[in-house]
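**Q** Protein chains in written order, with my numbering: chain A, 148 to 484; chain B, 148 to 484; chain C, 148 to 484; chain D, 148 to 484; chain E, 148 to 484; chain F, 148 to 484.
Beta carbons: idealized from backbone N, C-alpha and C, even for Gly.
After the structure tokens below, expect a handful of questions from me.
There are 6 protein chains.
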Amino acid sequence: MKIRDVEMTAFCDIISERAEKANHEYAEGRGKVFKDYRELLKEDLDAVCVLTPNISHAPISIDALKAGKHVMCEKPMAKNYAEARAMLDARDKSGKLLTIGYQNRYRPDSLFLKEECDNGVLGNIYFAKATAIRRRAVPTWGVFLDEEKQGGGPLIDIGTHALDLTLFMMNNYEPAYAVGTVYHKLNKDKKTGNAWGDWDPKKFTVEDSAFGFIVMKNGATIILQSSWALNTTEVREAVTTLSGTKAGADMPQAGSLTINGIKNGKQYVLTPDLKAGGVAFYDGAAVKDSDLEAQTFAKAIQGKGKLYVQPEEAAVVTRILEGIYDSAKTGKPHYFN
Amino acid sequence: MKIRDVEMTAFCDIISERAEKANHEYAEGRGKVFKDYRELLKEDLDAVCVLTPNISHAPISIDALKAGKHVMCEKPMAKNYAEARAMLDARDKSGKLLTIGYQNRYRPDSLFLKEECDNGVLGNIYFAKATAIRRRAVPTWGVFLDEEKQGGGPLIDIGTHALDLTLFMMNNYEPAYAVGTVYHKLNKDKKTGNAWGDWDPKKFTVEDSAFGFIVMKNGATIILQSSWALNTTEVREAVTTLSGTKAGADMPQAGSLTINGIKNGKQYVLTPDLKAGGVAFYDGAAVKDSDLEAQTFAKAIQGKGKLYVQPEEAAVVTRILEGIYDSAKTGKPHYFN
Amino acid sequence: MKIRDVEMTAFCDIISERAEKANHEYAEGRGKVFKDYRELLKEDLDAVCVLTPNISHAPISIDALKAGKHVMCEKPMAKNYAEARAMLDARDKSGKLLTIGYQNRYRPDSLFLKEECDNGVLGNIYFAKATAIRRRAVPTWGVFLDEEKQGGGPLIDIGTHALDLTLFMMNNYEPAYAVGTVYHKLNKDKKTGNAWGDWDPKKFTVEDSAFGFIVMKNGATIILQSSWALNTTEVREAVTTLSGTKAGADMPQAGSLTINGIKNGKQYVLTPDLKAGGVAFYDGAAVKDSDLEAQTFAKAIQGKGKLYVQPEEAAVVTRILEGIYDSAKTGKPHYFN
Amino acid sequence: MKIRDVEMTAFCDIISERAEKANHEYAEGRGKVFKDYRELLKEDLDAVCVLTPNISHAPISIDALKAGKHVMCEKPMAKNYAEARAMLDARDKSGKLLTIGYQNRYRPDSLFLKEECDNGVLGNIYFAKATAIRRRAVPTWGVFLDEEKQGGGPLIDIGTHALDLTLFMMNNYEPAYAVGTVYHKLNKDKKTGNAWGDWDPKKFTVEDSAFGFIVMKNGATIILQSSWALNTTEVREAVTTLSGTKAGADMPQAGSLTINGIKNGKQYVLTPDLKAGGVAFYDGAAVKDSDLEAQTFAKAIQGKGKLYVQPEEAAVVTRILEGIYDSAKTGKPHYFN
Amino acid sequence: MKIRDVEMTAFCDIISERAEKANHEYAEGRGKVFKDYRELLKEDLDAVCVLTPNISHAPISIDALKAGKHVMCEKPMAKNYAEARAMLDARDKSGKLLTIGYQNRYRPDSLFLKEECDNGVLGNIYFAKATAIRRRAVPTWGVFLDEEKQGGGPLIDIGTHALDLTLFMMNNYEPAYAVGTVYHKLNKDKKTGNAWGDWDPKKFTVEDSAFGFIVMKNGATIILQSSWALNTTEVREAVTTLSGTKAGADMPQAGSLTINGIKNGKQYVLTPDLKAGGVAFYDGAAVKDSDLEAQTFAKAIQGKGKLYVQPEEAAVVTRILEGIYDSAKTGKPHYFN
Amino acid sequence: MKIRDVEMTAFCDIISERAEKANHEYAEGRGKVFKDYRELLKEDLDAVCVLTPNISHAPISIDALKAGKHVMCEKPMAKNYAEARAMLDARDKSGKLLTIGYQNRYRPDSLFLKEECDNGVLGNIYFAKATAIRRRAVPTWGVFLDEEKQGGGPLIDIGTHALDLTLFMMNNYEPAYAVGTVYHKLNKDKKTGNAWGDWDPKKFTVEDSAFGFIVMKNGATIILQSSWALNTTEVREAVTTLSGTKAGADMPQAGSLTINGIKNGKQYVLTPDLKAGGVAFYDGAAVKDSDLEAQTFAKAIQGKGKLYVQPEEAAVVTRILEGIYDSAKTGKPHYFN
């Protein structure tokens with residue numbers, strides 16, 4: 148993640164070479180490099196980005212806020228809702244900004260759809276699907292397969308994006324209850340056809356797929372589907388499908404969007420061209436999603452605009468995911484009261 | 148429904164003209180016509196088909212069984228599980244055959260998939276979707292919109308087919324619990340774009356969409372989606388999607404089918420040609436689904452084969468649908484124990 | 148053309164067999180048959196349909212109006228504007244209804260587009276294309292090729308539909324001037340590849356293609372293209388293309404429609420589903436264009452609604468076509484003062 | 148524009164940095180750099196390329212010819228026909244070569260079509276369309292939007308290419324008269340969806356679309372359509388469509404081509420593969436359009452071939468465009484005699 | 148096969164019901180019916196059609212010619228070349244016409260291609276493929292599977308069409324030698340997926356696929372592929388592919404055609420529209436292949452034109468097929484000296 | 148060809164610059180460079196790659212083996228079977244490894260298909276097509292067109308790949324006899340449309356297309372088609388098509404694959420996804436074919452695995468191609484015994 152108009156001056160990793168590499172990639176080697184994040188937090192910095200395994204999102208972010216830094220923390224906000232609330236508390240006490248890295252909100256299709264939702268085009272959204280289904284794309288590097296360090300697999304890793312998009316479009320953060328199921332079915336397979344090469348069955352301790360059914364306080368339903376490995380052809384990731392009283396919306400794939408409804412007594416589909424126009428010899432100019440994310444955070448720090456991802460929203464995502472994991476364990480609904 | 152190799156000799160409808168019409172269409176006017184089904188049951192008949200509104204499926208079928216007739220009853224088996232059990236009891240006492248009209252099981256794609264499932268090609272099926280989603284296709288004739296006579300709308304009318312197919316393929320009739328939601332959101336609309344013309348908002352008392360999440364005793368999940376009217380482009384009806392430990396299956400639309408899995412370390416899709424082959428000047432020979440259904444019933448009566456739809460299976464479908472309606476009312480799961 | 152809810156009781160053709168045939172087809176032989184239309188007009192009839200070659204549209208319609216009949220006359224209204232004005236005069240004096248058979252206005256795409264135009268969705272329409280281009284589809288029967296009887300070829304025969312649709316959507320009947328060109332280039336060809344078999348070069352006296360550029364008093368432009376025979380692959384008939392200040396519309400082929408514009412800073416295309424919805428086993432219910440045309444006329448006669456095609460509008464179509472033919476002859480613009 | 152086999156030794160721009168940049172890009176910094184083109188013309192150079200705003204095409208080209216240089220001037224040749232004639236005069240007096248940068252003539256589709264036209268495959272071309280329609284692709288940089296500096300918008304900027312291609316294929320440079328319309332309708336819009344970002348409404352003084360109808364002395368018609376911004380889905384640029392007595396030709400998009408006609412009494416379409424063939428691991432060898440343009444000019448200077456774009460032809464393009472602008476102002480045809 | 152402008156007055160079949168049925172279908176019951184063809188030949192008839200199993204093509208045709216009738220015999224002409232020559236001898240002695248029912252020559256694609264070949268468009272054709280490949284379309288009725296009655300399977304049944312088309316287009320009837328292979332590999336399969344239902348393995352005595360390589364005296368090669376049942380996706384029947392010195396031709400499927408070659412140094416594909424043109428509401432007029440075949444024969448009898456299928460040509464087809472069967476048996480080439 | 152994990156230390160070419168260039172490209176200039184390969188063979192090298200014209204494959208490989216080097220020789224193994232056997236003899240005497248560069252075996256489609264064949268999925272393969280058809284892609288550089296140096300054209304250059312793949316999949320190296328034809332038909336053409344520019348007719352002494360029909364000892368048939376220049380649209384290269392008793396396989400183009408057969412009485416097609424899976428933002432990891440080839444050779448030298456291309460197999464390919472050339476010369480079959 149590059150932040151424009153912003154100087155990156157310090158980098159930290161428990162493996163020094165990685166911090167050095169980042170220093171060269173993002174600061175042409177002029178930054179300082181740390182092995183212990185607590186040392187880094189002593190520096191005179193405006194803001195800190197937390198890009199560590201899920202287990203340390205909360206403690207590092209809280210320490211950073213305590214140290215008086217603004218914080219952008221990668222998604223998911225935390226391993227569970229208690230941690231997420233602790234982060235919000237730290238934010239409140241610090242008076243600093245806290246935001247979460249849900250970069251899919253900055254995609255052109257997401258921006259267009261959010262504008263439609265805010266304009267009331269869809270009416271009251273009462274049914275939605277949050278989808279993050281991969282056929283065989285298990286991330287085999289880093290700690291992704293490690294239950295202890297990550298707190299879960301596809302549900303917490305990519306399901307979190309789909310659910311965040313969905314809640315954001317519905318502008319509905321009041322869940323009533325959730326049920327869920329979580330599977331470890333394909334993690335012992337060999338000759339897997341996996342996008343990143345075969346996984347190590349011994350290390351693959353997180354779930355390979357997880358599903359949930361969430362009922363909101365206003366009666367709306369959200370069906371959540373997530374998988375890294377599943378025998379299916381319905382592969383879509385980081386997308387939401389919405390059905391409202393006035394219109395519906397579908398993202399056939401991340402980056403594309405259609406709106407549907409009834410006009411003059413006829414069913415219609417409206418398809419926006421999400422590229423920036425373009426002519427024969429030119430593809431159009433577009434800001435990259437990740438640059439827009441970084442710019443938005445930088446501007447908010449400078450008081451020039453609002454955060455686009457409020458941590459209170461991200462906390463609800465984490466809360467619901469925790470509810471699904473909980474329901475899968477107990478075989479009962481998890482009530483949010 | 149025509150039954151081959153079988154003589155149709157009696158017809159009944161509370162509106163006499165309809166019975167007369169059927170007599171001419173199916174028996175060239177040589178059959179007897181009744182207004183009261185109890186009179187018809189006094190005739191010397193082998194079997195009776197029950198094609199009435201849902202509310203009378205159980206009482207008429209039970210009377211027919213008591214009268215010593217074999218019975219084919221339209222889907223859904225009954226308005227609720229209690230009625231369905233009563234039908235099974237009557238069947239047991241009568242020693243006659245009882246079957247339910249789930250004709251989608253006789254489609255070429257269903258037959259092929261069932262054979263694959265029985266051969267173990269999919270392995271253990273742990274995740275499934277039963278889908279019956281229409282955008283605007285509300286049946287405006289007869290009693291379809293009448294809560295009292297039908298017991299529900301799209302869930303009991305077309306969701307029942309999708310769920311039956313799903314359970315049948317999984318060969319799993321042991322539900323643990325279900326949650327569900329039911330909506331009446333578009334039934335007041337005008338200029339509706341409906342396939343069969345605008346509905347009468349006053350008469351439209353059943354739901355327009357309903358959704359459920361079913362957890363089976365063996366841990367498997369079924370997501371059930373049904374609608375007559377919904378703002379969506381994901382329109383599919385009477386289809387199931389299955390994910391097993393060895394392979395998956397998808398019906399892109401009713402009548403088409405793909406199998407997916409991993410072979411030699413590569414993802415594959417297998418597509419059967421469900422037509423009967425064919426050459427340039429010939430489309431191939433095929434038995435129609437409905438003829439196959441009738442033939443199977445007729446043969447079973449003659450002792451030449453088994454029923455393809457066991458009423459015990461249909462009773463479970465009715466039981467689960469009742470659970471979803473119940474959950475939608477209570478806001479809590481419905482446990483089957 | 149069948150008229151529902153209306154009894155057809157008299158038929159006329161200078162070739163008696165044709166009138167007899169129509170009598171059997173539309174009145175089961177119970178109607179009266181005439182060879183001279185003046186005799187028919189003495190009958191006690193509410194309305195008359197004029198379906199003769201263009202040359203007799205005006206005289207017969209005027210006689211019918213004088214005889215106190217409502218009149219529906221086939222398109223084009225007349226061979227020239229003077230005749231068209233005479234028809235309007237006769238209509239005014241008679242107090243009866245006069246309408247013209249522009250049935251393409253009743254197509255679902257036309258009805259949808261007209262509703263959008265009336266709602267101001269397109270804004271001010273300042274550029275339009277009226278297109279009626281066939282590659283090789285010269286009507287070789289009847290009097291279509293006869294300059295004397297028809298007054299022209301593709302321009303007056305099919306260009307008239309495209310121009311009528313265009314003016315109707317623009318709701319703009321004030322032309323300033325027109326220029327045009329008319330060609331007789333392929334009418335001597337042999338082995339023509341024509342849809343209805345080779346034409347007779349000797350009889351083919353009308354133009355094979357004609358083009359016009361029309362400037363309206365409010366500054367709008369209409370480009371009119373028409374051909375029965377042209378070396379081209381851009382084949383479309385009875386369609387209009389509109390560019391307005393707020394949105395545009397295109398009919399890729401007669402019967403299909405897209406709306407285009409800008410929304411949330413992005414280009415969009417809106418595609419209505421012009422069929423009546425439909426589910427797997429049902430195509431939806433639709434009124435046929437020609438039935439709708441006849442019903443509308445019958446209702447207007449009964450005072451239950453307005454004519455959908457005002458003869459004043461049709462007169463302007465005829466006026467502009469005359470201007471294009473005139474410009475092609477003189478090599479100068481034809482001004483409508 | 149790079150010229151092969153040719154040394155580029157001098158560069159000029161009123162903004163020095165740009166000239167310096169070109170010097171480094173095209174001459175590795177070894178060239179001379181000028182701010183005043185009159186100084187450059189004192190150098191010992193064979194040829195000069197004029198790539199300035201339209202307003203200075205004529206004066207600089209004339210000065211260069213007077214200074215004894217061969218000249219390649221960007222399209223359009225000049226702001227008006229009087230200037231173009233002055234350039235021809237200067238060329239005649241100088242004895243040097245003058246050519247105009249219509250590089251679309253060097254595209255593979257253009258080269259193929261020209262060869263067909265020259266071979267008489269199309270016969271006599273009597274109807275043509277010159278098309279340069281963009282939906283929202285207004286060039287927002289430089290002086291493109293400045294009426295004073297450019298003399299117009301899409302008509303003179305891109306319509307000029309489409310018209311040049313059309314006249315060149317027809318080999319017809321004898322216009323009789325033209326009518327036209329010019330619009331400023333969308334230039335005040337905001338959130339424009341423009342390919343190069345929103346324009347500044349205050350600076351956008353040229354037209355946003357323009358249309359013309361041109362009648363040639365031999366009776367042929369050319370319909371010219373051009374836009375930078377128009378509510379339309381019929382987007383094509385730098386293409387021509389031709390209808391001749393023997394065959395037709397269409398460029399679905401710039402770079403592709405089909406020929407159509409009748410053969411053995413059947414309609415046919417002939418599609419050339421305009422790439423250089425190619426096999427699985429190789430895309431074929433092709434000369435780039437712009438290289439071919441430069442090579443042709445360089446060879447002509449060396450006496451090894453003819454110019455491919457004669458300035459007399461370019462002057463007619465400018466003449467016709469002037470006629471269209473004139474007709475739009477007066478509301479009358481512009482006669483060329 | 149219906150013959151227009153011709154009265155069918157006598158019908159014969161060894162199963163009387165079939166002859167009766169034909170009498171009603173083609174002669175409204177007014178014809179005479181025979182069980183023994185020798186009786187029929189005593190009637191006063193101009194011409195006779197022979198539609199029997201292959202084994203009796205020659206004897207019946209010869210008897211008919213001896214009886215002074217013109218003869219149209221179904222393809223293949225005979226089971227072997229000796230019989231075919233005997234038929235030619237009988238034809239010569241009788242002075243009557245003999246033709247063979249290769250109706251694929253009358254398809255629009257065949258007619259177009261023949262015209263191109265005759266015009267020399269393809270130049271000298273030196274490589275061709277005759278293709279008649281079905282995946283699973285074994286004709287299970289009649290005597291098709293009976294080696295004794297038919298003389299072979301797909302090679303003599305459908306390969307004969309493909310080879311006839313190929314020789315006819317090449318206008319080359321001088322084979323030098325042929326090699327071939329013949330397979331009985333799938334005829335014992337069950338659950339066959341066959342277009343006409345499963346075959347009876349016991350009765351399936353002919354080959355299921357056969358292949359040949361034919362070298363003509365002028366050095367040209369023909370590859371012949373035929374199958375009723377083969378594990379393949381390259382399914383095409385009754386088509387030829389030609390490569391000549393000037394151009395090539397391909398029939399992607401029976402009824403479609405493309406011509407390919409080089410023009411202006413570019414590869415091109417020419418695609419004729421083989422339908423009769425057509426407009427939005429009309430598909431064009433076309434003579435059916437079989438009607439054209441019958442008309443051509445009837446006209447030839449009346450002296451109004453030539454036979455389109457010369458029996459000498461059909462004899463060469465039979466001769467080559469015999470050669471392939473022979474080569475398959477001996478494992479050596481079959482030389483035609 | 149790069150060999151990973153292997154140091155390239157010596158390069159040889161009779162044109163020194165080329166050897167120098169390779170030294171810089173593959174060894175960063177640290178290797179030794181030779182003009183005479185005999186000098187190179189005196190170096191202390193483990194293995195040698197022979198990439199010379201076909202004429203020197205055998206002598207250099209034999210010298211290299213004699214010098215105690217492992218050898219990878221480009222395809223075809225040799226100009227004829229006698230040379231190939233001499234290479235095998237040299238290999239046997241040297242005790243070193245010899246392999247041939249048939250890199251198409253390492254493609255993902257080939258690897259998948261080979262695994263299926265080895266698993267018996269196709270059953271007994273009795274019909275196959277080896278296809279290497281280019282339309283106009285004659286290699287105009289080097290010695291490709293030189294009969295003397297190469298021993299032939301497309302048959303020996305690319306037909307060799309298709310035949311090798313076919314035999315390898317069939318695992319059948321026992322040919323009975325072959326017939327063939329060889330053409331020099333288009334080599335005198337001008338304006339050729341060739342992928343690599345027009346050829347020099349004087350230098351083009353090899354064939355432009357060649358075809359063969361090969362019968363194996365077990366009765367199987369292989370049809371071999373090869374061309375560099377042919378008027379055809381059926382362009383495919385380095386592909387095989389297989390028909391077995393249990394299933395079939397087709398490579399629509401090199402790199403893609405489908406398997407076909409019958410399952411549950413229905414025809415099916417199985418399509419493997421030959422890319423390495425992949426998600427939205429990632430294309431999957433794949434080893435390049437050529438790297439896999441080099442790694443396999445390097446591992447075999449190190450005793451870590453088998454050669455994937457046995458020279459005995461390549462010798463049979465050469466033997467069959469020689470048979471086809473021979474048959475084309477004699478007009479008779481070439482028997483292998």
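Mind checking who C159 of chain B pairs with in its DSSP beta bridge?
**A** Note: C159 of chain B sits in a beta bridge opposite B:F181.
**Q** What does DSSP give as the partner residue(s) for S374 of chain E in the beta ladder?
**A** DSSP output for S374 of chain E lists E:I280, E:S356 as bridge partner(s).
**Q** Are the CB atoms of S374 of chain F and P419 of chain F within a distance shorter than 8 Å?
**A** Result no, Cβ atoms of P419 of chain F and S374 of chain F do not sit closer than 8 Å.
**Q** Report the neighbours of D397 of chain B on chain A: residues whose CB is nearer than 9 Å to its CB, in chain order.
**A** Within chain A, the residues near D397 of chain B are T379, T380, E381.
**Q** Could you work out which residues of chain B lie near S390 of chain A, taking near to mean beta carbons separated by less than 7 Å?
**A** What S390 of chain A touches in chain B: L377, N378, T379.
**Q** Who are Q414 of chain A's beta bridge partners in DSSP?
**A** Answer by DSSP bridge pairing, in chain order: A:I409, C:D420.
**Q** Could you list the residues in the region 449-479 of chain C with a C-beta less than 8 Å from some C-beta on chain D, going in chain order?
**A** For the region 449-479 of chain C, which is checked against every Cβ of chain D, the residues closer than 8 Å are G478, K479.
**Q** If the cut is a Cβ gap below 9 Å, which residues of chain C does P419 of chain A touch?
**A** Under the 9 Å cutoff, chain C gives K410, N411, K413, Q414, Y415, V416.
**Q** On a CA-only basis, which of F:D336, F:N251, F:D347, F:D345 is nearest F315 of chain F? Give me that one, please.
**A** Ranking the options by Cα distance to F315 of chain F, first place goes to F:N251.
**Q** Residues of chain C with a CB under 8 Å from the CB of R129 of chain D: which are they?
**A** Here chain D comprises residues numbered 148 to 484, so residue 129 of chain D is not present and cannot be evaluated.
**Q** Give the secondary structure of S257 of chain F by DSSP, where H, G and I count as helix, E and B as strand, and everything else as coil.
**A** Of the three classes helix, strand and coil, the one that applies to S257 of chain F here is helix, per DSSP.
**Q** Please tell me whether A427 of chain E has its Cβ less than 8 Å away from any Cβ of chain D.
**A** Per-residue confidence for A427 of chain E stands at a pLDDT of 49, beneath the threshold of 50, marking its modelled position as unreliable; the derived number appears in the next sentence. So, not an interface residue.
**Q** By how many angstroms is the C-alpha of R466 of chain E removed from the C-alpha of T380 of chain F?
**A** For T380 of chain F and R466 of chain E, the distance between alpha carbons rounds to 30 Å.
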